[in-house]
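Okay, structure first, notes after.
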Amino acid sequence: MAIVSTPEDLSDLLPHLCNAIFTTLGTCNLEASYQRALCFELRSRGIRVTEELPLPILYGDCEIGSRRLDLLLTLPDGSQAIIELKAVLSLDSKHLKQLEYYLAHWSLDLGFLVNFPHEQGFPADHNGVFTSQILQGSVNVSDRVLKPRVRDAVAQVVKVARVQPLLPPPPPPAPAPAARAKRTLKVVAPKKASASKAKDAAPLLDCLAMK
Numbered sequence: 008m009a010i011v012s013t014p015e016d017l018s019d020l021l022p023h024l025c026n027a028i029f030t031t032l033g034t035c036n037l038e039a040s041y042q043r044a045l046c047f048e049l050r051s052r053g054i055r056v057t058e059e060l061p062l063p064i065l066y067g068d069c070e071i072g073s074r075r076l077d078l079l080l081t082l083p084d085g086s087q088a089i090i091e092l093k094a095v096l097s098l099d100s101k102h103l104k105q106l107e108y109y110l111a112h113w114s115l116d117l118g119f120l121v122n123f124p125h126e127q128g129f130p131a132d133h134n135g136v137f138t139s140q141i142l143q144g145s146v147n148v149s150d151r152v153l154k155p156r157v158r159d160a161v162a163q164v165v166k167v168a169r170v171q172p173l174l175p176p177p178p179p180p181a182p183a184p185a186a187r188a189k190r191t192l193k194v195v196a197p198k199k200a201s202a203s204k205a206k207d208a209a210p211l212l213d214c215l216a217m218k
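The numbering of the sequence shown is my numbering, which starts it at 8 and goes up by one.
Next up, the structure:
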């Protein structure tokens, strides 16, 4: 049995695994049954599988609920991928958006949306022979109603990859420069001459005036 080592290996092998599981289990099993079968196949090929990984929903600081990621895969080369499983009659856009939401939240680049087209009821094929008797009421249990409508369907597998790689977070803003201390100009008033100095200068001023 080949070991799945890279995302390319997983992309090539996953449709074949899902078709084998769907052929074996048929159209009337629950999503949980398909999931367990797929986990067995992936783990046997060297992939670490984490099931039902919780995604908490916060209201402020209070956790008010959670969503759950079906499968988180870790490959031998260290890369990771998400598988979102469904068992519905057909996929639609809301299933795709759910996978994209998980990829964005976990910052991953690769995911797969897998659907096993599902019919309500139990597997109809068996070897027992039974007889039935309606005791009361009008009941329609004809074979025409019990025949699955998706007998020829195959497992649906959608690969979702991020178009642009995640950008590194922007650098933190540079700290604001420290405020410079304001410089003040101190104006010093001229000192008044003392009375004695003014008296000594008077004869000199008179002499200059006479010249």
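Each residue gets a CB set at the ideal place from its N, CA and C atoms; glycine is no exception. Keep in mind the model is a prediction, meaning the values are calculated, not measured.
- Contact annotation: T34 and E126 have beta-carbon atoms nearer than 8 Å.
- DSSP places D77 inside the beta strand (DSSP E), whose first and last residues are C69 to T81.
- Boundaries of the alpha helix (DSSP H) harbouring E38: E38 to R50, taken from the DSSP string.
- Contact check for N122 and V95: beta-carbon distance about 6 Å, within the 8 Å limit, so the pair qualifies.
- Look at I10 here: in three-state DSSP terms it is coil, with no helix or strand label.
- By the neighbour-count criterion, in which 16 or more other beta carbons inside 10 Å mark a residue as buried, C46 falls on the buried side.
- Remark: C-beta atoms of I10 and R52 approach each other more closely than 8 Å.
- Apart from sequence neighbours up to five positions away, the residues of its chain that approach L103 with a beta-carbon distance below 8 Å are L120, V165 and V167, ordered along the chain.
- Considering only P180, L17, Q42 and M8, the residue with the shortest C-alpha distance to D84 is L17.
- The Cβ atoms of K93 and E38 lie closer than 8 Å to each other.
- Sequence-distant Cβ neighbours of T13 in its own chain, meaning closer than 6 Å and more than five residues away, are D84.
- Counting of Cβ neighbours within 10 angstroms places C69 among the exposed residues, the total staying below 16.
- Going by beta carbons, L76 and Y109 fall inside the 8 Å limit.
- Per DSSP, L106 lies in no beta strand (DSSP E) segment; the continuous alpha helix (DSSP H) that holds it begins and ends at S100 to W113.
- In the three-state reduction of the DSSP assignment, T30 falls in the helix class.
- The beta-carbon separation of A44 and I28, rounded to 5 Å, stays under the 8 Å limit for a contact.
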